[in-house]
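One structure below.
There are 2 protein chains.
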Amino acid sequence: MAERKRQLVSNELTEAALQLLASKGYDAVTVDEIVAAAGVSRRTFFRYFASKEDVVVQFLADLGAGMRAELAARPGAERPSAALRHAVGAGLAACADRSDHAERALRVVRLILRTPALLARFMERQAGWREELAEELARRLGLDAGTDLYPRLAAGMALSAFDTVLRRWSESEGTEDPTALTDRAFTLIAPALDADRRADRIVDVAGAGARPSRPGRRG
Amino acid sequence: MAERKRQLVSNELTEAALQLLASKGYDAVTVDEIVAAAGVSRRTFFRYFASKEDVVVQFLADLGAGMRAELAARPGAERPSAALRHAVGAGLAACADRSDHAERALRVVRLILRTPALLARFMERQAGWREELAEELARRLGLDAGTDLYPRLAAGMALSAFDTVLRRWSESEGTEDPTALTDRAFTLIAPALDADRRADRIVDVAGAGARPSRPGRRG
DNA sequence: GCCTCTGGTGGCACTCAATGTCAATGTGCG
DNA sequence: CGCACATTGACATTGAGTGCCACCAGAGGC
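Protein sequences, first through last, are from chains A and B.
Whatever position you read off the first sequence (first residue = 1), add 2 for my numbering.
Whatever position you read off the second sequence (first residue = 1), add 2 for my numbering.
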């Protein structure tokens, strides 16, 4: 029940912060205003959030864990591009569905992308996600993340897709469909994700005459 | 000659800051210590650098501009993977050669990668580079960056390679050769950078004549 | 019912980053 | 020499973030 209390205060704080920040802009709002609106003390705010930036970015916090979990849940035989596409799709869906309406999430994303300090923290978090995804990918494929460049690169490509889709979705005011955008993005990067790292990749691509006889990828 | 003075002070400040930060850690050093070591006032510091983070990150500032310039200088007929590889290679070379010895740059990179606040700013800057590279790529290929996903994705992939190489270089204590790592990384992502979008690019990769064998898929 | 232990909270004081303002200083030029 | 211009240093101020301590619940033992 203390647990419920904590969750309640956290929600109250997040609510007040997002409302104020989205309407007045990041720099124009002080922590004092937020805590006044939420009805708690300044000191309590920093017990729930490590920084003023944190209260916004944590709104998208478990996206990384969600993507990794989704990736881990995909069947091992699935091609990397398909597994990563589902993982990224799950992350974006979790983002878009956040808190009742997607319109709310859209405002938060726009706020992040337009505020340098928030963008910095967001990108830092993405870097963390990349390491997680790379680790999971290495595990899936039986690779050594410390030797092979593929896991980090593949995770980086997947997150580039994530970021690109998120930006496009934000710029389009939520008009464009994230799922469709994700599919398009992964269609573009799939050739690199699925190409066999050990051998004749050039031949693979070059051999894409009519029907590419894609050699057995990593299983 | 006021110009010379400015450059002198800037160098003095950067020198003192890098020395202190690298040895004591980011949080353990205050701006007052830096300015005391540099022999200028606290206020002057913030006339040269927008923030305490800036003095470190700006050390790698023109990497982005350099990469874009290198990309713009590559022959237009060159495959995207090759052009981007040279651009990223130029950026990494500029980074490694920074200030006399590469050992100096290595310490700065390690400091950035190990300090969350610096990493955040560095990633933010990379996001800016991505937009620049995407813009230049779109111009090169005659694409609309607002419509086609390729420019941003390709730029993202290239910067993933950049980041991966930088991390590996840092982790290996400068042992591994950045150029070799870059080549390996771009071999992995090239299939996506050079693949389809325009039918004849595949043929280009194959190195054969101009026979668009695959129907151009429009994104 | 009383005591105690515990977890969350509020208030206070403090450090430090970052910005605005203004006087002082130095440099170039007529 | 005196005037214009840029740079600097010395406050003063705001606001983020942290440590510390007193306060106030509820849970459980006596």
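Note that beta-carbon positions come from the ideal geometry of N, C-alpha and C, so glycine has one too.
Endpoints, alpha helix (DSSP H) assigned at residue i
i, result
"LEU151 of chain A", "Neither: LEU151 of chain A is in no alpha helix (DSSP H) and is coded neither H nor E."
"GLU80 of chain A", "From DSSP, GLU80 of chain A is part of no alpha helix (DSSP H); its letter is neither H nor E."
"TYR50 of chain B", "44-50"
"ARG76 of chain B", "Looking at the DSSP string, ARG76 of chain B is not in any alpha helix (DSSP H), and its letter there is neither H nor E."
"MET3 of chain A", "Element bounds for MET3 of chain A: n/a, residue is neither H nor E."
"PHE188 of chain B", "180-196"
"ASP34 of chain B", "33-40"
"PHE61 of chain A", "From DSSP, PHE61 of chain A is part of no alpha helix (DSSP H); its letter is neither H nor E."
"GLY130 of chain A", "118-143"
Beta carbon proximity, residue i to chain B, threshold 8 Å
i, result
"GLY158 of chain A", "yes"
"PRO180 of chain A", "no"
"ALA92 of chain A", "no"
"LEU143 of chain A", "no"
Any chain A beta carbon closer than 8 Å to residue i
i, result
"PRO77 of chain B", "no"
"GLY211 of chain B", "Any reading at GLY211 of chain B must be qualified, since the residue scores a pLDDT of 38, below 50, and its modelled position is unreliable; the value itself is stated next. Not an interface residue."
"TYR50 of chain B", "no"
Span separating the alpha-carbon of residue i from that of residue j
i, j, result
"VAL59 of chain B", "GLU17 of chain A", "34 Å"
"ILE36 of chain A", "PHE47 of chain A", "9 Å"
"VAL90 of chain B", "GLY158 of chain A", "15 Å"
"ILE114 of chain A", "ALA187 of chain B", "30 Å"
"ALA63 of chain A", "ARG112 of chain A", "16 Å"
"ASN13 of chain B", "SER53 of chain A", "32 Å"
"ALA136 of chain B", "ALA85 of chain A", "26 Å"
"ASP150 of chain A", "GLU80 of chain B", "28 Å"
"ARG127 of chain B", "LEU161 of chain A", "16 Å"
"PHE5 of chain B", "ALA19 of chain B", "The amino acid occupying residue 5 of chain B in the given sequence is Glu; Phe does not appear at that position. Cα to Cα, GLU5 of chain B sits roughly 21 Å from ALA19 of chain B."
"GLU138 of chain A", "LYS7 of chain B", "52 Å"
"LEU22 of chain A", "ALA30 of chain A", "9 Å"
"GLY27 of chain B", "LEU168 of chain A", "34 Å"
"GLU133 of chain A", "ALA75 of chain B", "33 Å"
"GLU72 of chain B", "TRP131 of chain B", "13 Å"
"LEU183 of chain B", "ALA182 of chain A", "34 Å"
"TRP171 of chain A", "GLY144 of chain B", "23 Å"
7 Å Cβ cut-off: residues of chain A touching residue i
i, result
"GLU138 of chain B", "Going along chain A, no residue has its Cβ under 7 Å from GLU138 of chain B, so there is no contact; the nearest lies around 16 Å."
"ASP190 of chain B", "First, the residue type needs correcting, since residue 190 of chain B is Leu and not Asp in the sequence shown. Those are LEU151, TYR152, LEU155, ALA194 and ARG199, listed as they occur along chain A."
"PRO118 of chain B", "GLU126"
Distance CB(residue i)-CB(residue j) smaller than 8 Å
i, j, result
"MET125 of chain A", "ALA163 of chain B", "no"
"LEU121 of chain B", "CYS97 of chain B", "no"
"ALA24 of chain A", "ARG109 of chain A", "yes"
"LEU190 of chain B", "TYR152 of chain A", "yes"
"SER43 of chain B", "ASP196 of chain B", "no"
"ALA107 of chain B", "GLU55 of chain B", "no"
"THR166 of chain B", "LEU155 of chain A", "yes"
"ALA194 of chain A", "ALA140 of chain B", "no"
Chain B contact residues for residue i, given Cβ-Cβ distances below 9 Å
i, result
"THR32 of chain A", "Neighbours of THR32 of chain A on chain B: none; closest Cβ ~19 Å, over 9 Å."
Neighbouring residues, chain B, relative to residue i (Cβ below 7 Å)
i, result
"SER162 of chain A", "LEU155, GLY158, MET159 and SER162"
Interface residues of chain B facing residue i [CB-CB closer than 8 Å]
i, result
"MET125 of chain A", "ALA122, MET125, GLU126, GLN128 and ALA129"
Residues that residue i contacts on chain A, provided the C-beta gap is smaller than 8 Å
i, result
"ASP56 of chain B", "The contacting residues do not exist; ASP56 of chain B stays about 12 Å from chain A at best."
Chain A residues whose Cβ lies nearer than 9 Å to that of residue i
i, result
"ASP165 of chain B", "ALA129, ARG132, ARG154 and GLY158"
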